[in-house]
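Engineer: Please see the structure below; I have some questions.
Number of protein chains: 2
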Amino acid sequence: MRVRGTVAYEGTAFHGWAAQPGLPTVQGVLEDALATVTGEAVSLTVAGRTDTGVHARAQVVSFDVADAGTDLARLRRSLDRLAGPDVAVCSLEEAEPDFSARFSAKSRRYLYRYLTAAAADPFRRRFAWHVRALDLDAMAAAVPPIVGEHDFAAFCKAGAHGGTVRRVAEATVAPGPDGEVRFWVEAASFGHQMVRSLAGALAAVGHGRRHPEWVRDLLDSTDRAGIGNVAPPHGLTLWDVRY
Amino acid sequence: MRVRGTVAYEGTAFHGWAAQPGLPTVQGVLEDALATVTGEAVSLTVAGRTDTGVHARAQVVSFDVADAGTDLARLRRSLDRLAGPDVAVCSLEEAEPDFSARFSAKSRRYLYRYLTAAAADPFRRRFAWHVRALDLDAMAAAVPPIVGEHDFAAFCKAGAHGGTVRRVAEATVAPGPDGEVRFWVEAASFGHQMVRSLAGALAAVGHGRRHPEWVRDLLDSTDRAGIGNVAPPHGLTLWDVRY
Chain A
424 MRVRGTVAYE GTAFHGWAAQ PGLPTVQGVL EDALATVTGE AVSLTVAGRT DTGVHARAQV
484 VSFDVADAGT DLARLRRSLD RLAGPDVAVC SLEEAEPDFS ARFSAKSRRY LYRYLTAAAA
544 DPFRRRFAWH VRALDLDAMA AAVPPIVGEH DFAAFCKAGA HGGTVRRVAE ATVAPGPDGE
604 VRFWVEAASF GHQMVRSLAG ALAAVGHGRR HPEWVRDLLD STDRAGIGNV APPHGLTLWD
664 VRY
Chain B
424 MRVRGTVAYE GTAFHGWAAQ PGLPTVQGVL EDALATVTGE AVSLTVAGRT DTGVHARAQV
484 VSFDVADAGT DLARLRRSLD RLAGPDVAVC SLEEAEPDFS ARFSAKSRRY LYRYLTAAAA
544 DPFRRRFAWH VRALDLDAMA AAVPPIVGEH DFAAFCKAGA HGGTVRRVAE ATVAPGPDGE
604 VRFWVEAASF GHQMVRSLAG ALAAVGHGRR HPEWVRDLLD STDRAGIGNV APPHGLTLWD
664 VRY
């Protein structure tokens with residue numbers, strides 16, 4: 424039976440999604456839990472392979488279980504309990520035999536959060552980057568050029584799979600509660616560290632160190648040498664996945 | 424110079440507000456930071472002495488500094504840095520010489536959060552109690568009798584200062600985002616563990632183990648023997664203080 428699951432996690436304590444021997448990873452925790460419950464070596468397919476320290480609100484996974492009569496509500500409870508407090512197994516449902524969390528996905532949406540209040544909010548500090556005041560108008564002016572299909576080589580870490588040409592479906596900057604600033608971006612797929620590179624560039628614009636047009640110029644340059652700081656991972660959350 | 428400050432903290436790692444030798448407390452952290460920066464032994468007065476594990480969003484403190492010319496913006500930054508990631512010093516301002524964070528306060532408002540989704544949300548698990556589905560209508564029906572002046576002996580831990588008669592100004596149960604349920608309660612002051620005792624009783628009603636009228640009966644009994652589980656501290660946040 425092919426199973427589709429939704430999981431949420433705080434990435435702080437994990438070396439990212441992808442299993443690595445001897446390191447705590449989200450995939451490792453979930454596959455260990457599946458092995459414990461089902462007695463099988465189950466391999467997970469995932470919609471978005473998040474990096475070290477990056478969170479997920481509605482990550483999607485797919486996997487197979489040998490027993491077509493598996494009680495998925497019960498399996499969900501068992502996995503949720505075993506996965507520990509940083510990983511939640513929110514839902515499990517039977518999927519079409521050809522469903523793939525990775526290849527069936529139409530787009531991934533990420534949220535990057537900045538906190539701009541004088542003091543870092545202890546309730547949000549794990550999930551947002553605490554920075555000085557940001558000029559939202561300048562950031563919003565910098566965003567439109569990244570929408571559409573472009574070579575994002577200037578914003579992707581070298582060695583990324585699938586090249587650096589990507590189509591960004593939507594990108595917006597919006598105010599959140601209590602001095603929070605939110606950068607939303609959606610695309611079929613992203614290059615390695617692309618969202619955090621964009622979030623770092625937008626912070627440079629928001630702090631007045633760069634003009635809004637600089638983001639377009641950087642994009643056109645397709646040269647990563649011009650980019651400044653990549654935004655830290657703890658501000659980034661994989662928000663949801665569309666199918 | 425009398426100073427009024429607003430601080431926020433995640434209570435998870437602290438043995439409550441009040442300083443205790445050899446234990447991590449919010450007061451201890453802040454008084455140590457003040458001693459480091461000012462070179463003086465500064466004693467803090469606080470609006471709400473939160474218990475072990477309880478959080479605060481806009482806790483209010485008052486204290487004196489010897490130098491009337493102290494740069495409070497700079498002092499705030501220094502304290503915020505020294506206090507560490509779980510405590511934020513949000514603002515400092517000069518107050519009237521007779522201002523007391525404790526005695527000038529007109530009321531304290533607390534928020535108790537329950538999470539009712541099947542899986543505990545990793546982003547909110549530190550700040551909310553994960554429980555089974557709650558009947559909001561039943562909980563809302565149980566709340567009105569606690570508003571007004573009553574002897575809350577049934578809901579206060581023995582040994583509380585100032586007796587057990589309190590006047591609750593407002594109490595409501597409301598839905599929050601993604602299966603969150605919020606119990607808001609405001610009063611001039613609260614007895615020891617009063618909010619968590621009320622939150623525990625409301626959960627018993629929300630789970631159908633008790634009728635809504637049971638809360639009124641318990642209140643009328645002024646007998647703590649009848650109460651069930653006190654709700655855990657991590658769901659409770661001191662939200663704000665009115666002056």
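Line by line, the protein sequences are chains A and B.
Residue numbers for the first sequence follow our numbering, beginning at 424 and rising by one.
Residue numbers for the second sequence follow our numbering, beginning at 424 and rising by one.
For glycine and all other residues, C-beta sits at the position ideal for the given N, C-alpha and C.
Closest by CA to residue 603 of chain B, which one among B:643, B:481, B:566 and B:552?
Structural biologist: B:552
Engineer: Which residues mark the beginning and the end of the alpha helix (DSSP H) in which residue 456 of chain B is found?
Structural biologist: 449-461
Engineer: Quick check on the DSSP output: the beta strand (DSSP E) that includes residue 603 of chain B runs from which residue to which?
Structural biologist: 603-610
Engineer: For residue 521 of chain B, decide whether its Cβ has a neighbour in chain A, counting only Cβ atoms nearer than 8 Å.
Structural biologist: Chain A, which has no Cβ nearer than 8 Å to the Cβ of residue 521 of chain B, makes this no.
Engineer: With distances taken from CA atoms, which of B:483, B:618, B:543 and B:465 is nearest residue 499 of chain A?
Structural biologist: B:543
Engineer: If contact means a Cβ-Cβ distance below 7 Å, which residues of the stretch 541-561 of chain B contact chain A?
Structural biologist: Correct list: 541, 542, 543, 544, 545, 546, 548 and 550.
Engineer: Taking only beta-carbon positions, decide if residue 452 of chain B is within less than 8 Å of chain A.
Structural biologist: no
Engineer: Can you check whether the CB of residue 479 of chain B is closer than 8 Å to the CB of residue 642 of chain B?
Structural biologist: no
Engineer: I need the boundaries of the alpha helix (DSSP H) containing residue 637 of chain B, first residue and last residue.
Structural biologist: Run containing residue 637 of chain B: 636-644, per the alpha helix (DSSP H) assignment.
Engineer: With respect to the alpha helix (DSSP H) encompassing residue 489 of chain B, which residues constitute its N-terminal and C-terminal limits?
Structural biologist: That residue, residue 489 of chain B, is in no alpha helix (DSSP H); it is neither H nor E in DSSP.
Engineer: What residues in its chain sit with their C-beta under 7 Å from that of residue 666 of chain A, if we drop five residues either side in the sequence?
Structural biologist: 527, 528 and 529
Engineer: Please list, in chain order, the chain A residues whose beta carbon lies closer than 7 Å to that of residue 675 of chain B.
Structural biologist: Nothing in the structure corresponds to residue 675 of chain B, since chain B is present only between 424 and 666.
Engineer: Got a sec: is the Cβ-Cβ distance from residue 432 of chain A to anything in chain B below 8 Å?
Structural biologist: yes
Engineer: Does the beta-carbon distance from residue 469 of chain A to residue 458 of chain A come in below 8 Å?
Structural biologist: no
Engineer: Starting from residue 510 of chain A, find everything on chain B with Cβ-Cβ shorter than 8 Å and list it in chain order.
Structural biologist: 545
Engineer: Does the beta carbon of residue 608 of chain B fall short of 7 Å from some heavy atom of the ligand ATP?
Structural biologist: Among the components of this structure there are no ligands whatsoever, and the ligand ATP is therefore not found.
Engineer: Strictly below 7 Å CB to CB, what residues from chain A border residue 503 of chain B?
Structural biologist: 542
Engineer: First and last residue of the beta strand (DSSP E) that includes residue 515 of chain B?
Structural biologist: 510-517
Engineer: Which of the three DSSP states, helix, strand or coil, is assigned to residue 574 of chain A?
Structural biologist: Judged by DSSP in its simplified three-state form, residue 574 of chain A adopts strand.
Engineer: Do residue 606 of chain A and residue 622 of chain A have their C-beta atoms closer together than 8 Å?
Structural biologist: yes
Engineer: What are the residues that DSSP puts in a beta bridge with residue 593 of chain B?
Structural biologist: B:609
Engineer: From residue 502 of chain B to residue 436 of chain B, what distance separates their C-alpha atoms?
Structural biologist: 19 Å
Engineer: In chain A, which residues lie less than 9 Å from residue 513 of chain B when you measure between Cβ atoms?
Structural biologist: Those are 540, 541, 542 and 544, listed as they occur along chain A.
Engineer: So, for residue 514 of chain A: in the same chain, excluding its five sequence neighbours on each side, which residues have a beta-carbon less than 8 Å away from its beta-carbon?
Structural biologist: 428, 429 and 499
Engineer: Helix, strand or coil, according to DSSP, for residue 614 of chain A in the structure here?
Structural biologist: coil
Engineer: Using 8 Å as the threshold, is the C-beta distance between residue 452 of chain B and residue 495 of chain B below it?
Structural biologist: Using a Cβ distance threshold of 8 Å, residue 452 of chain B and residue 495 of chain B do not count as a contacting pair.
Engineer: Would you say the stretch 560-578 of chain B touches the stretch 634-654 of chain B, given that touching needs at least three Cβ pairs under 8 Å?
Structural biologist: yes
Engineer: So if DSSP puts residue 706 of chain B in a beta bridge, which residue, or which two residues, is it bridged to?
Structural biologist: Shown here, chain B extends from 424 to 666; a query on residue 706 of chain B therefore has no answer.
Engineer: How many angstroms separate the CA atom of residue 608 of chain A from the CA atom of residue 571 of chain B?
Structural biologist: 49 Å
Engineer: So what's residue 598 of chain A in DSSP terms, helix, strand or just coil?
Structural biologist: strand
Engineer: So who's on the other strand from residue 428 of chain B, going by DSSP bridges?
Structural biologist: Partner(s): B:484 and B:515.
Engineer: Are the C-beta of residue 509 of chain A and some C-beta of chain E separated by less than 8 Å?
Structural biologist: Given the protein chain composition of this structure (A and B), no chain E is represented.
Engineer: Sorted by chain position, which residues of the same chain lie with C-beta nearer than 7 Å to residue 653 of chain B's C-beta, five sequence neighbours on each side aside?
Structural biologist: Around residue 653 of chain B, the same chain offers 616, 619, 620 and 623 as residues with beta carbons nearer than 7 Å, after the five sequence neighbours per side are excluded.
Engineer: Quick check: what's the CA-CA separation for residue 550 of chain A versus residue 601 of chain B?
Structural biologist: Computed Cα separation, rounded: 18 Å.
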